[in-house]
Amino acid sequence: MATQIDSNLYLSNATQTTSSSGNSNLDKDDFLKILITQLQHQGPMNPMEDKEFISQMANFSTLEQMTNMNSTLTQLIDSQSNQSFLSTSQLIGKEVEWLTQEISESSSIVTAVKQNGSSIILELENGREIDSQLVTKISS
6 MATQIDSNLY
16 LSNATQTTSS
26 SGNSNLDKDD
36 FLKILITQLQ
46 HQGPMNPMED
56 KEFISQMANF
66 STLEQMTNMN
76 STLTQLIDSQ
86 SNQSFLSTSQ
96 LIGKEVEWLT
106 QEISESSSIV
116 TAVKQNGSSI
126 ILELENGREI
136 DSQLVTKISS
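Position in the sequence shown (from 1) plus 5 gives the number in my numbering.
Below you can see the structure in the form of structure tokens.
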């Protein structure tokens with residue numbers, strides 16, 4: 006007795022469905038659906054070997070761990086960026102010295118701090134703007 010597999014369950018149809026919605030990547034839910042479908046429709050006389058099943062589960066576990074790690078690292082980077090910006094704001098009202106391109110030192114009082122992408126820019130009393138990484142001395 007032959008079991009016929011519903012054509013909607015084929016992997017090629019699954020990727021077409023996800024790509025039409027704008028997402029061409031399979032996620033962990035799709036992986037589990039495919040694995041369950043494989044288990045449900047395996048041949049009773051030739052079932053999936055334990056090694057294959059364990060290998061696929063290990064791949065799934067690795068995928069899930071990498072996804073979680075990526076999410077955690079993204080949150081950490083965002084948190085560090087915000088923390089750096091907030092700590093730099095303590096320079097407002099303080100005098101800073103920095104090295105100019107002519108390798109001489111200049112100084113001025115910080116009036117504002119702004120973030121431009123990953124850079125933190127200090128707005129100074131004399132109208133200049135400098136990158137916070139150029140600062141060599143801070144005084145009150």
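All C-beta atoms, glycine included, are put in the ideal place defined by N, C-alpha and C.
Check: Member of E130, L104, E100 and N131 whose CA lies at the smallest distance from the CA of T143; Outcome: The sequence given here places Ile at residue 143; Thr does not occur at that position. Taking only the C-alpha atoms, the option nearest I143 is E100.
Check: Cutoff 6 Å; reference I114; Cβ partners in own chain excluding five residues on either side; Outcome: E100 and E130
Check: Proximity to T141 [Cα-Cα], best of F36, Q61, K119 and L96; Outcome: L96
Check: Check whether S111 and E102 have beta carbons under 8 Å apart; Outcome: yes
Check: Span separating the alpha-carbon of N75 from that of D136; Outcome: 29 Å
Check: 8 Å contact criterion, which K119 and E128 should meet: CB distance rounded; Outcome: 7 Å
Check: As assigned by DSSP and simplified to three states, the class of K99; Outcome: coil
Check: Short Cβ contact (8 Å threshold) for S86 with S123; Outcome: yes
Check: Reduced DSSP secondary structure (H/G/I, E/B, other) of S66; Outcome: helix
Check: N- and C-terminal bounds of the beta strand (DSSP E) containing N121; Outcome: E110 to N121
Check: Option in G98, T105 and A63 with minimal Cα separation from A117; Outcome: G98
Check: Beta-carbon gap between Q61 and L40 smaller than 8 Å; Outcome: yes
Check: N- and C-terminal bounds of the beta strand (DSSP E) containing E134; Outcome: E134 to D136
Check: Element boundaries [beta strand (DSSP E), containing E128]; Outcome: S124 to L129
Check: Whole-angstrom distance between T42 and N121, CA atom to CA atom; Outcome: 49 Å
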